Structures are given as structure tokens and as C-alpha cells.
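Student: Numbering (the numbering used here), first residue to last: 1 to 270. Don't be surprised by glycine CBs; every beta carbon is placed ideally from N, CA and C. On a predicted model such as this, the values are computed, not experimentally measured, just so you know. Sharing a structure, written as C-alpha cells. Questions coming.
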Amino acid sequence: MSLFICPLCRAPLQADAKVWRCAQGHSFDVAREGYVNLLPVQHKHSRAPGDNADMVTARREFLQAGHYQPLREAAVALLAPLQAQSLLDLGCGEGYYSSAFRAAVPNVIGLDIAKSAVRLAAKRFRDIIWLVGSGALLPLADASVDVVSSLFSPLPIAEMRRVLKPAGRVLVVTPAAGHLLSIRERLFDEVRAHEPDKFLAAFESEFDLQQRQHLQFPLRLTPPALKQLLLMTPYAWKAKPERRAALEAGEGAVTEAAFTLLLFRRKASG
Ligand SMILES: C[S@@+](CC[C@H](N)C(=O)[O-])C[C@H]1O[C@@H](n2cnc3c(N)ncnc32)[C@H](O)[C@@H]1O
Ligand SMILES: [Zn+2]
1 MSLFICPLCR APLQADAKVW RCAQGHSFDV AREGYVNLLP VQHKHSRAPG
51 DNADMVTARR EFLQAGHYQP LREAAVALLA PLQAQSLLDL GCGEGYYSSA
101 FRAAVPNVIG LDIAKSAVRL AAKRFRDIIW LVGSGALLPL ADASVDVVSS
151 LFSPLPIAEM RRVLKPAGRV LVVTPAAGHL LSIRERLFDE VRAHEPDKFL
201 AAFESEFDLQ QRQHLQFPLR LTPPALKQLL LMTPYAWKAK PERRAALEAG
251 EGAVTEAAFT LLLFRRKASG
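Written out as C-alpha cells, the structure reads:
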């Protein structure tokens, strides 16, 4: 049975070296870089959905410099004991985390709605299946993967549950209350805490929370790194332009990264 389904008619997709097609004759080309675009035009709500090219480039440079490496290591360490065979990284971006997950899971699929991000990921990392697609309608068969991960990305709970095997896991990573606090204090008069717990209630009926981990570490940011971080962090755009400009004109920043890692297990029924 095919792992992938046609985003137009939900029939199984036959994956070929050059083109993926369903029995109804819908076909999707494998791009030169090796990814497959399974996002039909009619499912796009804008011309270039997802993160834009500037955000994608900023995030790639920031992550490549290793600022979030402790998070990547913690996520891999959380996945390793599961001995999963397959993982879907939903909202994979440029694949910084997805590529590391290969150390813990043999079959990794990275999916993102932003083609520019998936193209970069596919150029760089070969042994992963890269898809342009939407989390709202995942192009994967029912009960087809062991783990779905979503790092700072959408959480379409019903779709995640549908594609998970029984007792499959979801790994969620979100910013924690103290994330970038000193930077947010410089950007805003009033700083609202991130609320990672708000996701828990939404998962409750379909999933059991198995593990919860808090991770905090210092970040030393040069002016270019700070600029990249602000570009890839949407809430920074809500700051007054003069505050942001003052921050960017400074000597960089020393702050704290703080994340919550949540591991859920799909309930047998419900
Ligand atoms: C904050 S980024 C995180 C990217 C990556 N996980 C990381 O941490 O580097 C969120 C990602 O979700 C993607 N995204 C947004 N809406 C989506 C959707 N409906 N389906 C799939 N991906 C989506 C964006 O394009 C973006 O790459
Ligand atoms: Zn089809």
C-alpha cells in the first residue's frame, strides 16, 4: 500500500522517480531538487503560502550558526528511545530539525506549505522525502506513520491523529514563558508570557501526554544574529518600528532561549 495519497482525490499515490500519480490520473512532478509539490493550486490561499523567502533565509542562517543546537539535540534524544520507523515533520521549514531526526528514525518525511523552504531543504538533505503540502489536508494515508513532529508549526490535531499508527506519537515544541524575555522587554512596554499549556487541552481527548520537558539555555547574539532572529520571529513585527530599529542598531544581545517539548501518545480509541 502506498504511504502517500493524492491531495485532490485521496486515492493512493504511486511514487515514481520523476512523477507521482494516482489512479484517477492526477500527477505531481518530482522537482529537480528532489521534492514533490503536493499542494494543489486550489488549496493555496495565497500565491506563496507559509513563511516568505526573507524569513526562510534568516531562519536558515540563524539555525545553521547553531544557536538552537541544544534544542535539536534534546528533540533527537526524546525521539531515540521510541524506535520509530517513520516520522512526519509538519512545518519542517528548511529541514534543520527534520535532518537531525534521521539519527533516531530511518524514514523521515518533511512537509511544509512554503515551497521556498522545502526547496532549500531538498537541496541540502538527500535522504529524506520532502513535500510541499498543507497540514490542513495531509497527503499521507491513514495510520501510516509512527511519529508526527511539529516544531513551532501548526497543530492540525485531527489530521495528525488520522495519519498516525495506533499508539503513534506527536512531538510538539513551543516557546516557553521565558523565551527571549529580555529581547521582548526591549521591544514592548508590556510583555505577555507565552502559554505553552494552551495546547494541552486540545490534545486531551485523542492523546495522552507522555513526557514534558523544559529546556532553557543562554543565547549570545551578534548584531546580524539578532537581526535574523527578529526576522524569523513574527511577534517582533508587532513592535514599534523605532524600538525594533534601536534594538537592531545596538551591539547584539544576551538573552535566554526557553522551550517546552511535549510528547503525546495517540489513544487506542476515542
Ligand atoms: C516557525 S516556522 C518553523 C519551521 C521549522 N519547524 C523550524 O523550527 O525551523 C513554521 C513553519 O510552518 C509552515 N506552515 C505554516 N502553515 C502551514 C500549513 N498549513 N501546513 C504546513 N506548513 C505550514 C511555515 O511555512 C513555516 O515553515
Ligand atoms: Zn487523484
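(1) In or out: Trp-237 buried (at least 16 other Cβ within 10 Å) or exposed?
(2) Enumerated in chain order, which unbroken segments of the alpha helix (DSSP H) with a length of 4 residues or greater are wholly contained in the region 155-230?
(3) Is it true that the CB of Lys-227 sits closer than 7 Å to the CB of Glu-248?
(4) Can Phe-152 be considered in contact with ligand 1, in the sense that its beta carbon sits closer than 6 Å to one or more heavy atoms?
(5) Under a three-way DSSP split, which group does Phe-264 fall into?
(6) Identify, in the order they occur along the chain, each residue of the same chain with its Cβ nearer than 7 Å to the Cβ of Leu-3, setting aside the five sequence neighbours on each side.
(7) What does the Cβ neighbour count give for Val-41, buried or exposed, with the cut at 16 atoms within 10 Å?
(8) Express the C-alpha separation of Arg-243 and Thr-233 in angstroms, rounding to a whole number.
(9) Who are the near neighbours of Phe-207 in its chain, counting only those whose CB is closer than 7 Å to its CB and skipping five residues on each side?
(10) DSSP three-state label for Arg-10, please.
(11) Check whether the Cβ of His-43 lies closer than 6 Å to any heavy atom of ligand 2, and answer yes or no.
(12) With respect to the alpha helix (DSSP H) encompassing Ser-27, which residues constitute its N-terminal and C-terminal limits?
Tutor: Let's see:
(1) exposed
(2) 157-163, 181-187, 198-203
(3) yes
(4) yes
(5) strand
(6) Leu-140, Ala-141, Ser-144
(7) exposed
(8) 15 Å
(9) Val-170, Phe-264, Arg-265, Arg-266, Lys-267
(10) coil
(11) no
(12) Element bounds for Ser-27: not the alpha helix (DSSP H) but the beta strand (DSSP E), 27-29.
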